[in-house]
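This report refers to the structure that appears directly beneath it.
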Amino acid sequence: SGVPTRSGKLIEECLRNHATGPGAGALIEELALLVGARREPAEVVSTLTAFLDLAEQHDRLRETGLNALAQGLARRGSNLQAFLQSRAEADDRLRQKLDGYLAAAAARAVDERVEDQRRIQSIRLLAHAPWAVAKQPLSALLSGDGPPQLRLAAVRSLASHSAPDVPELLMQAWPTYTPALRQEVVEAMLRDEVRILALLRQVEAGHVKAGDIGAAQTRRLLNDTRLRVRSRAERLLKDALPAERKAVLEQYRAALALNGNARAGLEVFRKHCAGCHRVNGIGVDVGADIADTRTKTLEGLLVDILNPNQAIDGNYINYTVLLKNGQIATGVIASETASALVLKRAENQTDTLLRQDIEAIKSSGQSLMPEGLEKGISIAEMADLLAFLKNWRYLDGSTPLPPRPSP
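To get the working numbering, take the position in the sequence shown, counting from 1, and add 90.
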């Protein structure tokens, strides 16, 4: 029960006793997050000093700890640099050492000789670096054609900054973004009114197609409580909502008559479903469990895919949380306590929100799974996906394949 108030001491003890093995990272990360959230000046300074003084061979652990410490401070409306500038407990040597480390992280983030996972860690740290340090490497990563996971990390770090040119930088390489990256960028643009209006200007100018904005995101804009946002969204996006579900379902019934290929369906699942669902160890557990399909008919599965809002499990309703600083977070409520709640969204991304920072929580009444998924799936691919969902447990050949069920 006393762990939160002793987190800094525990971190220093772990590092002093060389508890830097594989299991130490998760513990130190959690403790550093608590130290940052507590914002006790002497504890923050001593913890930061302990991380910066680590030997070079523990650099990954250092970066993990600094990231977590910075995240904790960010949740309390502060950042490492500003915190140190305002505290007498921090000396010039510590400030200079942090400045040097953040500059090194910026260089490492764009260094193609460094392994991707290490670069991602540095990119994440740039979310907490001064804008003058973070801007160039993050915008370079977005405008380049590097690995998608690096660009995704860059979007998330860039989106965490509040500089006025962030919306422009997020949108400047839009034509080169993959669908997954576009969704992440749109989500970042929906965080506050200034960014929302910037996104709608991009739609109005024709740089972003209305259909590039997801169905759930479009509904959020059309139902926004701010008249300026809602009126523009209605003018620009109303016709972009997916076709009526009944008509779409009739169109895709043709998939029920096809003999789908379960192995090909696995690839459809990876591309369109694994960001929120987990089947046979593939994907992530964000949405409802769809692995146990033994009692489901093919038609039932098709309806669940094409009309996700027909019957929603209460555990997977999408929520919109308005924060007191004007930002907006969305997702399903993964867990909650008296002091905080955790929202989870696609790709297993989470936001931990302190209740004291929350202005309002509103249920969308909609599933986290968006309508309009069929726009990226042909009828033949839908047949393959249905075959995979029904027969994934038989793909290794150890269990005989059952007869094909009736639709």
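The beta-carbon is built from N, C-alpha and C at its ideal position, and this holds for glycine as well.
Keep in mind the model is a prediction, meaning the values are calculated, not measured.
- Item | Residue of L463, E464, A419 minimising C-alpha distance to L444 | Translated into the one-based positions of the sequence shown, residue 444 becomes position 354. Relative to the Cα of L444, the nearest Cα in the group L463, E464, A419 belongs to A419.
- Counting along the chain, where does the beta strand (DSSP E) carrying V200 start and finish? Position 110 of the sequence shown holds residue 200. No beta strand (DSSP E) holds V200; DSSP gives it neither H nor E.
- Three-state class that DSSP yields for F468 in the structure shown: Along the sequence shown, read from residue 1 onward, the residue named residue 468 stands at position 378. The amino acid occupying residue 468 in the given sequence is Ser; Phe does not appear at that position. The answer is coil: DSSP assigns S468 none of H, G, I, E or B.
- Query: Apart from the five residues on each side of it in sequence, which residues of its chain come closer than 8 Å, Cβ to Cβ, to L392?
  - Reply: Here residue 392 refers to the residue found at position 302 when the sequence shown is read from its first residue. Only L339, Y342, R343, A345, L346, M472, L476 meet the Cβ criterion.
- State the CB to CB distance for the pair L412 and A450, rounded to an integer number of angstroms; the pair is presumed to be in contact (CB under 8 Å). Sequence index remark: in the sequence shown, residue 412 carries index 322 (1-based). Sequence index remark: in the sequence shown, residue 450 carries index 360 (1-based). Yes, they are in contact, since the Cβ atoms of L412 and A450 sit about 5 Å apart, within 8 Å.
- By a C-beta neighbour count over all protein chains shown, 10 Å radius and 16 as the cutoff for buried, is N408 buried or exposed? Locating residue 408 in the sequence shown gives position 318, counting from the first residue. N408 comes out buried.
- Alpha carbon to alpha carbon, what distance is there between A114 and R128? For the purposes of this step, residue 128 is identified with residue 38 of the sequence shown, where counting begins at 1. For the purposes of this step, residue 114 is identified with residue 24 of the sequence shown, where counting begins at 1. Approximately 21 Å, taken between the alpha carbons.
- Can the beta-carbon of V369 be found closer than 7 Å to that of A381? Locating residue 369 in the sequence shown gives position 279, where the first residue counts as 1. Locating residue 381 in the sequence shown gives position 291, where the first residue counts as 1. Result yes, Cβ atoms of V369 and A381 sit closer than 7 Å.
- Query: What do you get for N481, buried or exposed, if any count of 16 or more other CB atoms within 10 angstroms of its CB means buried?
  - Reply: Stepping through the sequence shown from its first residue, residue 481 is reached at position 391. Counting Cβ neighbours within 10 Å, N481 comes out buried, since at least 16 surround it.
- Item | Rounded Cβ spacing between L396 and E324 (contact assumed at less than 8 Å) | Against the sequence shown, residue 396 aligns to sequence position 306. Against the sequence shown, residue 324 aligns to sequence position 234. Contact between L396 and E324 is absent: CB atoms are separated by about 25 Å, not below the 8 Å threshold.
- Message: Can you tell me whether T154 is helix, strand or coil according to DSSP?
- Response: Taking the sequence shown and counting its residues from 1, one reaches residue 154 at position 64. DSSP places T154 in helix when its eight states are reduced to three.
- Query: Roughly how many angstroms separate the alpha carbons of R203 and E283, rounded to a whole number?
  - Reply: Position 113 of the sequence shown, counting from 1, holds the residue named residue 203. Position 193 of the sequence shown, counting from 1, holds the residue named residue 283. Computed Cα separation, rounded: 39 Å.
- For the region 220 to 232 and the region 192 to 199, state whether three or more C-beta atom pairs, one from each stretch, are separated by less than 8 Å. Flag = yes, the region 220 to 232 and the region 192 to 199 touch.
- Measure the Cβ-Cβ separation of A305 and G466 and say whether it is below 7 Å. Here residue 305 refers to the residue found at position 215 of the sequence shown. Here residue 466 refers to the residue found at position 376 of the sequence shown. Cβ distance not < 7 Å, so A305 and G466 don't count as in contact.
- Would you tell me roughly how many angstroms separate the C-alpha atoms of L215 and K361, rounded to the nearest one? The sequence position of residue 215 within the sequence shown is 125, counting from 1. The sequence position of residue 361 within the sequence shown is 271, counting from 1. A direct Cα-Cα distance of roughly 29 Å separates L215 from K361.
- Task: Can you tell me which of the three DSSP states A419 falls into?
- Result: The residue labelled residue 419 in the question sits at position 329 within the sequence shown. In this structure, A419 counts as strand in the three-state DSSP scheme.
- If we ignore side chains and look at the alpha-carbon of each, how far apart do L228 and T385 end up? By 1-based counting over the sequence shown, the position of residue 228 is 138. By 1-based counting over the sequence shown, the position of residue 385 is 295. Spanning the two alpha carbons is a distance of roughly 48 Å.
- Message: Looking only at its chain, what residues have a beta carbon closer than 8 Å to the beta carbon of I286, apart from the 5 residues adjacent to it on each side?
- Response: Numbered from its first residue, the sequence shown carries residue 286 at position 196. Cβ neighbours of I286 beyond the five flanking positions: M279, L280, L311, D314, V319.
- Where S168 sits in the DSSP three-state scheme: As a first step, residue 168 is located in the sequence shown; it is residue number 78 there, counting from the start. Of the three classes helix, strand and coil, the one that applies to S168 here is coil, per DSSP.
- What span of residues does the beta strand (DSSP E) with T266 cover, start to end? Against the sequence shown, residue 266 aligns to sequence position 176. First-last for T266: undefined, no H or E at that position.
- Which whole-angstrom value is the C-beta distance of H218 and A160, which I expect to be below 8 Å? Position 128 of the sequence shown, counting from 1, holds the residue named residue 218. Position 70 of the sequence shown, counting from 1, holds the residue named residue 160. That belief holds up - the Cβ atoms of H218 and A160 are roughly 3 Å apart, short of 8 Å.
- Query: In chain order, what residues of the same chain have a beta carbon less than 6 Å from the beta carbon of Q446, not counting five sequence neighbours either side?
  - Reply: Indexing the sequence shown from 1 puts residue 446 at position 356. Nothing meets the Cβ criterion.
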